[in-house]
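Asker: Protein chains in written order, with full-length UniProt numbering: chain A, 1 to 226; chain B, 1 to 226. Quick reminder that beta carbons are idealized off the backbone N, C-alpha and C, glycines included.
2 protein chains.
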Amino acid sequence: MIRQNIKVAVDAVVFGYKDKILNVLLIRRNIDPYKDSWALPGGLVLENENLEQAVERELKEETNVTVDYLEQLYSFGDLGRDPRNRVVSITYFALVKPEHHDIKADTDAKDVAWFDVQDLPELAFDHAKILKKAKKRLQNKLTYEPIGFDLLENKFLFSDLEKLYMTILEKEIDRRNFRKKILGFGILKELDEKVSEGRGRPANLFQFNKNQYFKSKEEGFFFDIK
Amino acid sequence: MIRQNIKVAVDAVVFGYKDKILNVLLIRRNIDPYKDSWALPGGLVLENENLEQAVERELKEETNVTVDYLEQLYSFGDLGRDPRNRVVSITYFALVKPEHHDIKADTDAKDVAWFDVQDLPELAFDHAKILKKAKKRLQNKLTYEPIGFDLLENKFLFSDLEKLYMTILEKEIDRRNFRKKILGFGILKELDEKVSEGRGRPANLFQFNKNQYFKSKEEGFFFDIK
DNA sequence: GCAAAAGTGTTCCATCTACACCCATGT
DNA sequence: ACATGGGTGTAGATGGAACACTTTTGC
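1) Excluding the 5 residues preceding and the 5 following D68/A in the sequence, name in chain order all residues of the same chain whose CB lies nearer than 7 Å to its CB.
2) With a threshold of 16 other CB atoms inside 10 Å of the CB of S89/A, please say whether the residue is buried or exposed.
3) Secondary structure at S196/B, three-state DSSP: helix, strand or coil?
4) Among residues of its own chain, excluding the 5 on either side of K110/B, which ones have a beta-carbon nearer than 8 Å to its beta-carbon?
5) Which residues in chain A sit within 9 Å of I90/B, going by Cβ to Cβ distance?
6) Based on Cα-Cα distance, which residue from W38/B, A9/B and K18/B lies nearest to A124/B?
7) In its own chain, which residues sit with a C-beta less than 7 Å from the C-beta of I168/B, not counting the 5 before and 5 after it?
8) Does the region 69 to 80 of chain B come into contact with the region 219 to 226 of chain A, if we say contact requires no fewer than three beta-carbon pairs (one atom in each stretch) closer than 8 Å?
9) In the DSSP assignment, what residue or residues form a beta bridge with S111/A?
10) Using DSSP's beta-bridge definition, name the partner residues of A134/A.
11) What is the residue span of the beta strand (DSSP E) that G184/B lies within?
12) Please report how far the alpha carbon of D200/B lies from the alpha carbon of A128/A, in whole angstroms.
13) Roughly how many angstroms lie between the CA atoms of F156/B and E190/B, to the nearest whole one?
14) Taking the DSSP output, what are the residues bridged to K163/B?
15) Closest to D36/B by C-alpha separation, out of G77/B, P121/B, A54/B and V14/B, would be which residue?
16) So with Cβ pairs under 8 Å, would you call Q139/A a contact of chain B?
17) Hey, would you say the C-beta of L44/A is under 7 Å away from at least one heavy atom of the ligand FMN?
18) Where are the beta strand (DSSP E) runs, 3 residues long or more, that stay fully inside the region 45 to 105 of chain A, in chain order?
19) In the DSSP assignment, what are the bridge partners of E190/B?
20) Name the chain A residues that come within less than 8 Å of residue 238/B, Cβ to Cβ?
21) Using Cβ-Cβ distances below 8 Å, what residues of the region 49 to 76 of chain B are close to chain A?
22) Please state whether DSSP places G148/A in a helix, a strand or coil.
23) Tell me, please, which residues DSSP counts as bridged to V117/B.
24) Express the C-alpha separation of L79/A and E49/B in angstroms, rounding to a whole number.
25) According to DSSP, K155/A sits in a beta bridge with which residue or residues?
26) Does DSSP put F15/B in a helix, a strand or coil?
27) Would you please state the rounded distance, in angstroms, between the beta carbons of P41/B and E52/B? I believe it to be under 8 Å.
28) Is it the case that the Cβ atoms of K7/B and V87/B are separated by a distance below 8 Å?
29) Under the three-state reduction of DSSP, which class applies to I21/A: helix, strand or coil?
30) Have a look at R81/B, D82/B, G77/B and L188/B and flag the residue whose alpha-carbon is nearest the alpha-carbon of T91/A.
31) Give the straight-line distance between the Cα atoms of D224/A and G184/A, rounded to the nearest whole angstrom.
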């Protein structure tokens, strides 16, 4: 077999949503290159773990986060993307529910933080490019798969869902049409609980019915939000 | 940096279309493991080339094919997918126009052939899984990007396009609605040439107007075939 | 003149869009 | 009683689906 010394890494773009803000999870590097820069969590793949396992391990180690949704995003392998070695990075796209937003810098004292995607620091390596791709993926996927629920609490208000869509898609959505459409899918369970947000009429709580979604999907149903 | 000895490879799923058949390009391996099995063209990435360059080089070396469309598909890195070493394979999805279908086995006397995707041999490694993913990508992408034209001659009949869609999507399509829709996009140029296929009324030739497509796309046009 | 493929238009139905008023609560 | 956010229905426009006959050629 040919001699080859290319390193294989994984990096993750982890999105969270809170207070009408779409956040992304970053760590501050404490070694060169790009020491003190912010970067996506990630690292080299170990020889005895699968790629997904590597992502989950790195996230746990560096940020203490466990994700609610994970899928492969894209692989980046251009020459010179890491000044030290040739590194091919297999990147992942992840979503975290608010109840799992707690983060903790790791033992190496790396800093960890959630950043508003609209207000990001400079990122190390080609991570800005990766993040851009992830944001597109999120925007697209939101329209044809019910992944928005992995960014909300288990029980949520319809207005939360609506605001989530408006924030991520960066456009206005008509409340009545949106509600009609989503409820028409029959994949939400309307709970018998109301929440009063201080002022205004109390709103109903809803839950995403994942089982119903999968059942409907098998029968040819297609989730689709314009 | 941690010791790590994972190899990085690229593999390509190359589709061609001829005589109403969707074909995929395979090579017959002449070394173990899977000696004499059919497999996707590919191989290890060299240290001084980008991933796309590696794919194009391997395709050239192993099959003598130059592709007309190339995009990254997915990366496979499970433990044990190659019995010799840990190999992470970054796979690509490619399309070839009929005028570039000529293939040639390489100097190592590897066999190369086009196979009907409906009638495939057993494939080496996890290549069946990769191919399955590529087929899905092709089917999906056909509906929201004008990539079908990269499987047809430069000048083609409308009925060719129609049959291409029916073959790949594996369903019937109404000729009138299909034609109306595609022509409505305004991205085809109707040539002043007719072709007689032996019997029946001679048909007009068309050309895909790529520039017009990109221009329309920038203005918000969205290619979309149900 | 018949077989074969190309070319074309209309009607119906479903879905999307736009849009405004009442309801339940807290202060 | 007023401010705040929640909840709902209708009419018009648009786009998709279904569908059959005429045209041009080769034999």
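Answerer: Per the coordinate set shown:
1) Cβ within range, chain order: L95, V96, K97, H100 and D150.
2) buried
3) coil
4) I27, R28, R29, N30 and E62
5) S75, G77, V88 and I90
6) The option with the nearest alpha carbon to A124/B is W38/B.
7) L22, L138, Q139 and L142
8) The answer is no - the region 219 to 226 of chain A does not touch the region 69 to 80 of chain B, with fewer than three Cβ pairs under 8 Å.
9) Correcting the residue type first, residue 111/A is Asp in the shown sequence and not Ser. In DSSP, D111/A forms a bridge with R28/A.
10) Beta-bridge analysis with DSSP links A134/A to no other residue.
11) Not the beta strand (DSSP E): G184/B falls in the alpha helix (DSSP H), residues R175 to F185.
12) First, the amino acid is wrong: residue 200/B is Gly here, not Asp. When rounded, the separation of the alpha-carbon atoms in G200/B and A128/A is 57 Å.
13) 10 Å
14) None; K163/B has no bridge partner.
15) P121/B
16) no
17) This structure lacks the ligand FMN; in fact it carries no ligand of any kind.
18) 69 to 76 and 87 to 96
19) Under DSSP, E190/B shares a beta bridge with F206/B.
20) It is not possible to answer for residue 238/B, since the shown part of chain B is limited to 1 through 226.
21) E49, N50, L51, Q72, Y74 and S75
22) helix
23) In the DSSP output, where bridge partners are listed per residue, V117/B has none listed.
24) Straight through space, the alpha carbons of L79/A and E49/B are spaced by roughly 7 Å.
25) Q207/A
26) DSSP places F15/B in the strand class (E or B) of the three-state scheme.
27) P41/B to E52/B, Cβ: 14 Å. No contact.
28) yes
29) strand
30) Answer by Cα proximity: G77/B.
31) Their Cα atoms are separated by approximately 11 Å.
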